[in-house]
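>
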Amino acid sequence: MSLLVWPKVALAQDSFSDPAGSGPIVGAMQWLQHTLLGTVATVVAIIAVASVGFLMLTGRMSWRYGATVILGCFILFGAASIVGGIQASAGGGL
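Here the sequence shown is numbered in my numbering, starting from 496 and rising by one per residue.
(1) Candidates Ser517, Ala583, Phe569, Met551: which alpha carbon is nearest Leu464's?
(2) From this set, Gly586, Ile565, Trp526, which residue's C-alpha is nearest Leu550's C-alpha?
(3) Could you give the distance in angstroms between the alpha-carbon of Thr563 and the alpha-carbon of Ala543?
(4) According to DSSP, is Gly573 helix, strand or coil?
(5) Quick check on Gly554: buried or exposed, where buried means 16 or more other Cβ atoms within 10 Å of its Cβ?
The structure is reproduced here in structure tokens:
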């Protein structure tokens, strides 16, 4: 008779909070995100794009490889906007 009753552990739960005890892990991940996308990363990306552009203009680097580096910087820093656009077009925009 209990075949029609679903156990509570099998049900998915919508929770917008972090699980208990995850404070240090979440803090470390946020620090890593801010470091990788913050001022230091912006300065490194500017130097990389400038040096790649200079090497491309002087003929020391192929245009295809240089464009790949520059496109990678755009994808890295525009990832949040790209994901937001994909979610909005898929109908899951929150």
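Note that the Cβ used here is the ideal one computed from N, Cα and C, for glycine as well.
In short:
(1) Given that the chain is displayed from residue 496 to residue 589, the structure contains no residue 464 and the question cannot be resolved.
(2) Position 55 of the sequence shown, counted from the first residue, corresponds to residue 550. Leu550 has its Cα closest to that of Ile565, out of Gly586, Ile565, Trp526.
(3) Residue mapping note: residue 563 aligns to position 68 of the sequence shown, counting from 1. Residue mapping note: residue 543 aligns to position 48 of the sequence shown, counting from 1. Near 12 Å, if we compare the C-alpha coordinates of Ala543 and Thr563.
(4) In the sequence shown, residue 573 corresponds to position 78, counting from 1. In this structure, Gly573 counts as coil in the three-state DSSP scheme.
(5) The count along the sequence shown starts at 1 and reaches residue 554 at position 59. Per the 10 Å Cβ criterion, exposed.
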